[in-house]
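**Q** Those protein sequences? They're chains A and B, same order as listed. All you need for the numbering used here is the position in the first sequence, starting with 1, plus 117. The second sequence: position 247 = 227 (the numbering used here), numbered continuously. Glycine is no exception: its CB is placed at the ideal position from the N, C-alpha and C atoms.
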Amino acid sequence: MENYNVFASRVVSKNEPLAPGHRACTGCGEVLALRLCAKAFGKNTIVVNATGCMEIIASQAPYNSWRLPWIHTLFENASATASGIEAAIKVLARKNRVPESEINVVAIGGDGSTVDIGIQSLSGALERGHNFTYICFDNEAYMNTGIQRSSATPFGASTTTSPAGKKSIGQSTWKKDMPAIMAAHNIPYVATACPSYPFDLMNKVEKALATKGPAYIHVFSVCPTGWRSAGNLSVRYGRLAVETGVFPLYEIENGVYKMSVEVPELKPLTAYTKGQGRFKHLKEDNLAKIEARVHEEYEKLLEKCNLSAVEEGK
Amino acid sequence: MAKRVGIESSIAVADTVKMCDVDVVAAYPITPQTHIVEHIADLVANGELDAEYIPVESEHSAMSACLGSSAAGARTFTATASQGLELMHEVLYVASGMRLPIVMAVANRAVSAPLSIWGDHSDVMSCRDTGWIQVFVENGQEAVDMTICSFKIAEDPSVLLPFMINLDGFHLSHVIEPIIFPEEEEVKAFLPNFDYKYRLTPDHPVAMGDFATPPLFTEARWAHHMALVNSQKKIVEVWNEFEQKFGRGYKPVETYKTEGAETLLFTMGSFSETAMTAVDQMREQGKNVGLVRLRLWRPFPFEEIYEAVKGAKTLIVLDRALSTGGPAGPVASEIKAGLYNKEVKPKVVSIIGGIGGRDIHDYDFINIVEHGEALAKTSDIAPYEIYGVRG
Ligand SMILES: Cc1ncc(C[n+]2csc(CCOP(=O)(O)OP(=O)(O)O)c2C)c(N)n1
Ligand code: SF4
Ligand SMILES: [Mg+2]
Chain A
118 MENYNVFASR VVSKNEPLAP GHRACTGCGE VLALRLCAKA FGKNTIVVNA
168 TGCMEIIASQ APYNSWRLPW IHTLFENASA TASGIEAAIK VLARKNRVPE
218 SEINVVAIGG DGSTVDIGIQ SLSGALERGH NFTYICFDNE AYMNTGIQRS
268 SATPFGASTT TSPAGKKSIG QSTWKKDMPA IMAAHNIPYV ATACPSYPFD
318 LMNKVEKALA TKGPAYIHVF SVCPTGWRSA GNLSVRYGRL AVETGVFPLY
368 EIENGVYKMS VEVPELKPLT AYTKGQGRFK HLKEDNLAKI EARVHEEYEK
418 LLEKCNLSAV EEGK
Chain B
-19 MAKRVGIESS IAVADTVKMC DVDVVAAYPI TPQTHIVEHI ADLVANGELD
31 AEYIPVESEH SAMSACLGSS AAGARTFTAT ASQGLELMHE VLYVASGMRL
81 PIVMAVANRA VSAPLSIWGD HSDVMSCRDT GWIQVFVENG QEAVDMTICS
131 FKIAEDPSVL LPFMINLDGF HLSHVIEPII FPEEEEVKAF LPNFDYKYRL
181 TPDHPVAMGD FATPPLFTEA RWAHHMALVN SQKKIVEVWN EFEQKFGRGY
231 KPVETYKTEG AETLLFTMGS FSETAMTAVD QMREQGKNVG LVRLRLWRPF
281 PFEEIYEAVK GAKTLIVLDR ALSTGGPAGP VASEIKAGLY NKEVKPKVVS
331 IIGGIGGRDI HDYDFINIVE HGEALAKTSD IAPYEIYGVR G
């Protein structure tokens, strides 16, 4: 289909490149995001999967949930593996050894494999300009290994390696701004997305695949197991993250910033943090400090969007 | 017609990569491997080799990119050494476990600390169990010939394993030698295109890299192990075919003047040529000495080794790596282990030398033989000695 924004369930692909029957937890927002992305991949896509929840839940030999060509090699090297695949496709087509076709190469990984251990491999692949799409599914911790903190874990969240305690607020650092780091590579397409906004997410995936050169999408993925939140509320928590300004949805197309979902008035932060066990220990003043920071970041982003709009003459 | 040229071994390896019509090269520079990858970059830049050269940001990514390109069906080459090989380490297991026929040249070098850019075998010894086919070459000609053969062996549907060609850093990588180059057409006829049945393609989706639970893992490892063990048959077959076509033959284990020898030296890599000179000198003096050279390190050709050494009284194994805190040099340890249950066997003396680029001359080999023979006569042979170490 051309545009997922024209909402009509019958025009959304009924294909499920990521088959049901995988082993994700009930209410997993990450696998929901992945399933929607997979729908947008189409048939002509090779998937490179970093180690992490999404790899483990889909690939216990002799079963595999993927109906697309799929490869998992290691935790921190999905981008480098994708580089090799992209190069191979290019050279084999040039040498007339395979039927020439436009094949999408998509690398996927969690926040740990993207923002932490795999950032070098990703940065290298972006800098070299490989024609591929990287999608980070950010559930804000290393979930596969038991909810350890990553540099994408938000300030104040209690994880197994940033536990809240008498002398600890939990995570004591602010979430790394990965989309900004990606944008600093001057790649043609960077976006944030969330499966709670499914058509926006699928549109962005389609855009990224159509991009010549590297594209990056950072997908906010609610993890009820790691966040100690109710599994039936995962979609709502995604919406609340956007509506409180915690995770704004935007695109950076050839350097032009654009909000995808405008939030005229941000909801109070507690609407989002309430009910999440990882934030349960936070006191009012902690929450106020976090909210102030969220607003500050949000304003900065709005400014960039406004500046882009002015530059574009809109 | 094949032509003979004076050329540095590293450049010769790069030129051979071109003759083999490699599709993808992903590499990161490190001394003493640099000349290989620089020259490949030149060949691609000049349009002499139609390949994708991926100038990755690390060796970890070099090998990871090789995984991708090989899985997608491209003939894939890389080269590294020392710290670079160590940085690749975890990826090496994936290459072999996923049965991807990547070919890699390793210009063997010591591993930090202390930092040393000079040659020895400690980098590759830490890769012993990575599941790759591993050979050690003795000279530039062999580096060229092995490179041609390696793709044919690795990509054979009965093998499908990555292939590591060890060439001693500096002592071999940087030495100019007369080397015979076959015609590109001859190489093409010998080496068909890589036609990978399981390549990643939307036409027939495959999944690569599933995880295995305890009921499956042992069998998966066993299958890999057996593939590696059984690859020896193909290796020998290809080397024989190479000999028929190009006139230069190679065997997993080579012997030099071993007939009736009471004492045997045992070496791997470029030092073998110096050892041959030493053996010539000792033979002239009437000493009953010979040399066994190991070319194929993995799979470990113990039967051939046993055949070559069983008649001797003393076997002196020179290791260019120290198994720190271990029982003997790494090669000596394996030979000792293999001989243990044999009725007829030589005494084994383990000598460690030539590490961190220290030379071993012909006269050193003569010293080593004299010293080794004396050691072998003692009732309690020292488990190993480090040749020439100042205590
Ligand atoms: C080199 C290496 N270090 C550590 C691990 C262990 N490990 C596997 S998955 C994982 C965390 C994955 O976290 P993330 O990328 O955020 O994905 P998630 O499971 O949260 O979806 C870790 C630490 C590994 N596989 N490899
Ligand atoms: S731990 Fe979280 S991300 Fe992983 S499968 Fe469960 S819900 Fe999904
Ligand atoms: Mg995570």
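Using a Cβ-Cβ cutoff of 8 angstroms, what residues of the segment 46 to 75 of chain B are near chain A? List them in chain order.
**A** Hits within the stretch, in order: 46, 47, 48, 49, 50, 51, 52, 53, 54, 56, 70, 71 and 74.
**Q** Of all the beta strand (DSSP E) runs that stay within the bounds of the segment 304 to 361 of chain B, which reach a length of 3 or more residues?
**A** List check, beta strand (DSSP E) in window: 327 to 332.
**Q** For the alpha helix (DSSP H) that contains residue 334/A, what are its first and last residues?
**A** As a first step, residue 334/A must be located in the first sequence, where it is residue number 217. Segment 332 to 337 is the beta strand (DSSP E) holding residue 334/A; no alpha helix (DSSP H) there.
**Q** So with Cβ pairs under 9 angstroms, would you call residue 193/B a contact of chain A?
**A** For this step, residue 193/B is matched to residue 213 along the second sequence. It does; some Cβ of chain A falls within 9 angstroms.
**Q** Could you give the distance in angstroms between the alpha-carbon of residue 391/A and the alpha-carbon of residue 345/A?
**A** As a working note, residue 391/A is residue 274 in the first sequence. As a working note, residue 345/A is residue 228 in the first sequence. Their Cα atoms are separated by approximately 11 angstroms.
**Q** Could you spell out where the beta strand (DSSP E) holding residue 387/B opens and where it closes?
**A** Limits of chain B in this structure are -19 at one end and 371 at the other, which puts residue 387/B out of reach.
**Q** Using the beta-carbon of each residue, find all residues closer than 6 angstroms to any heavy atom of ligand 2 and list them in chain order.
**A** For ligand 2, the selected residues are 141/A, 142/A, 145/A, 147/A, 148/A, 170/A, 174/A, 256/A, 260/A, 340/A, 341/A, 342/A and 343/A.
**Q** What is the DSSP secondary structure of residue 163/B, counted as helix, strand or coil?
**A** To locate residue 163/B, count along the second sequence from 1; it is residue 183. Residue 163/B: coil per DSSP, three-state reduction.
**Q** Closer than 9 angstroms, Cβ to Cβ, to anything on chain B: give me those residues from the segment 233 to 253 of chain A, in chain order.
**A** Under the 9 angstroms Cβ criterion, the segment 233 to 253 of chain A contributes 237, 238, 240, 241, 242, 244, 245 and 247.
**Q** Taking Cβ-Cβ distances shorter than 7 angstroms, what residues in chain B pair up with residue 213/A?
**A** As a position in the first sequence, residue 213/A is number 96, starting the count at 1. Those do not exist, as residue 213/A stays about 11 angstroms from chain B at its closest Cβ, beyond 7 angstroms.
**Q** Per DSSP, which residues does residue 350/A bridge with? Please list them.
**A** Position 233 of the first sequence, counting from 1, holds the residue named residue 350/A. Answer by DSSP bridge pairing: none, since residue 350/A is not bridged.
**Q** Mind listing the chain B neighbours of residue 301/A? Cutoff is C-beta to C-beta under 8 angstroms, in chain order.
**A** Translated into the one-based positions of the first sequence, residue 301/A becomes position 184. Neighbours of residue 301/A on chain B: none; closest Cβ ~16 angstroms, over 8 angstroms.
**Q** Taking only beta carbons into account, state which residues of the segment 174 to 204 of chain B come closer than 7 angstroms to chain A, listed in chain order.
**A** Cβ contacts with chain A come from 180, 181, 182, 185, 186, 187, 188, 189, 190, 191, 192, 193 and 196.
**Q** Considering only residues of the same chain and omitting the five flanking positions on each side of residue 255/B, which have a CB-CB separation below 7 angstroms?
**A** Counted from its first residue, the second sequence places residue 255/B at position 275. Result list for residue 255/B: 245, 247, 271 and 345, in chain order.
**Q** In whole angstroms, what separates the C-alpha of residue 258/B from that of residue 235/B?
**A** The residue you call residue 258/B lines up with position 278 of the second sequence. The residue you call residue 235/B lines up with position 255 of the second sequence. Spanning the two alpha carbons is a distance of roughly 14 angstroms.
**Q** Between 341/A, 361/A and 382/A, which lies nearest to residue 141/A when the distance is taken from Cα to Cα?
**A** Within the first sequence, residue 141/A is the residue found at index 24, counting from 1. Taking only the C-alpha atoms, the option nearest residue 141/A is 341/A.
**Q** Is residue 294/A close to ligand 3? I mean its beta-carbon at under 8 angstroms from any heavy atom of the ligand.
**A** The residue labelled residue 294/A in the question sits at position 177 within the first sequence. No, the Cβ of residue 294/A stays beyond 8 angstroms of every heavy atom of ligand 3.
**Q** Could you check whether the Cβ of residue 3/B sits closer than 9 angstroms to any Cβ belonging to chain A?
**A** To locate residue 3/B, count along the second sequence from 1; it is residue 23. Cβ-Cβ to chain A under 9 angstroms: yes for residue 3/B.
**Q** Classify residue 295/A as helix, strand or coil using the three-state DSSP reduction.
**A** Mapped onto the first sequence, residue 295/A falls at position 178. The answer is helix: DSSP assigns residue 295/A an H, G or I state.
**Q** Between 108/B, 125/B, 291/B and 179/B, which lies nearest to residue 214/A when the distance is taken from Cα to Cα?
**A** Translated into positions along the first sequence, residue 214/A becomes position 97. Nearest option by C-alpha distance: 179/B.
**Q** Using a threshold of 9 angstroms, state whether the C-beta atoms of residue 293/B and residue 238/B are closer than that.
**A** The count along the second sequence starts at 1 and reaches residue 293/B at position 313. The count along the second sequence starts at 1 and reaches residue 238/B at position 258. No. Outside cutoff.
**Q** Determine the direct distance from the alpha carbon of residue 306/A to that of residue 224/A, and round the result to whole angstroms.
**A** Residue 224/A sits at position 107 when you count from the first residue of the first sequence. Residue 306/A sits at position 189 when you count from the first residue of the first sequence. Roughly 15 angstroms between the two C-alpha positions.
**Q** Taking 8 angstroms as the cut-off, is the beta-carbon of residue 190/B closer than that to any non-hydrogen atom of ligand 1?
**A** Mapped onto the second sequence, residue 190/B falls at position 210. Outside the cutoff, so no.
**Q** Kindly indicate the opening and closing residues of the beta strand (DSSP E) around residue 187/A.
**A** Here residue 187/A refers to the residue found at position 70 of the first sequence. Taken as a continuous stretch (DSSP letters only), the beta strand (DSSP E) holding residue 187/A covers 187 to 189.
**Q** Below 8 angstroms, how does it come out for the segment 278 to 298 of chain B and the segment 205 to 217 of chain B: are there three or more Cβ pairs, yes or no?
**A** Flag = yes, the segment 278 to 298 of chain B and the segment 205 to 217 of chain B touch.
**Q** Using a Cβ cut-off of 9 angstroms (strictly closer), state whether residue 209/A contacts chain B.
**A** The residue labelled residue 209/A in the question sits at position 92 within the first sequence. Residue 209/A counts as touching chain B.
**Q** I believe residue 154/A touches residue 318/A by the beta-carbon criterion, under 8 angstroms. Please report the beta-carbon distance rounded to the nearest angstrom.
**A** Numbered from 1 along the first sequence, position 37 holds the residue referred to as residue 154/A. Numbered from 1 along the first sequence, position 201 holds the residue referred to as residue 318/A. With a Cβ gap of about 7 angstroms, residue 154/A and residue 318/A count as contacting.
**Q** Going by DSSP in three states, residue 158/B sits in which element: helix, strand or coil?
**A** If you number the second sequence from 1, residue 158/B lands on position 178. Residue state, collapsed to three classes: strand.
**Q** Look up residue -14/B in the DSSP assignment and say whether it is helix, strand or coil.
**A** As a working mapping, residue -14/B is identified with position 6 in the second sequence. Strand.
**Q** Just mark residue 114/B as buried or exposed, buried being the case when its beta carbon has 16 or more other beta carbons within 10 Å.
**A** Residue 114/B sits at position 134 when you count from the first residue of the second sequence. Buried.
**Q** If you drop the 5 nearest sequence neighbours on each side, which residues of the same chain put their C-beta closer than 6 angstroms to that of residue 329/B?
**A** Looking up residue 329/B in the second sequence gives position 349. Cβ within range, chain order: 296, 352, 355 and 356.
**Q** For the beta strand (DSSP E) containing residue 146/B, name the first residue and the last one.
**A** Start at 1 with the first residue of the second sequence, and residue 146/B comes out as number 166. Looking at the DSSP string, the run of the beta strand (DSSP E) that includes residue 146/B is 143 to 148.
**Q** Let me confirm a value: residue 389/A is counted as buried when at least 16 other C-beta atoms fall within 10 Å, else exposed. Which label applies?
**A** Residue numbering aside, residue 389/A sits at position 272 when the first sequence is read from its first letter. Buried is the call here.
**Q** Where does residue 201/A land, buried or exposed, given buried means 16+ other C-beta within 10 angstroms?
**A** Locating residue 201/A in the first sequence gives position 84, counting from the first residue. The residue is buried, with at least 16 neighbouring Cβ atoms inside 10 Å.
**Q** Going along the chain, which residues of its own chain have a beta-carbon closer than 6 angstroms to the beta-carbon of residue 123/B, five neighbours each way excluded?
**A** Working through the second sequence from its first residue, we reach residue 123/B at position 143. For residue 123/B, where only same-chain residues beyond five positions count, the Cβ hits under 6 angstroms are -11, -7, 117 and 147.
**Q** Sorry if obvious, but does the Cβ on residue 269/A come closer than 8 angstroms to a heavy atom of ligand 3?
**A** Sequence index remark: in the first sequence, residue 269/A carries index 152 (1-based). Indeed, a heavy atom of ligand 3 lies less than 8 angstroms from the Cβ.
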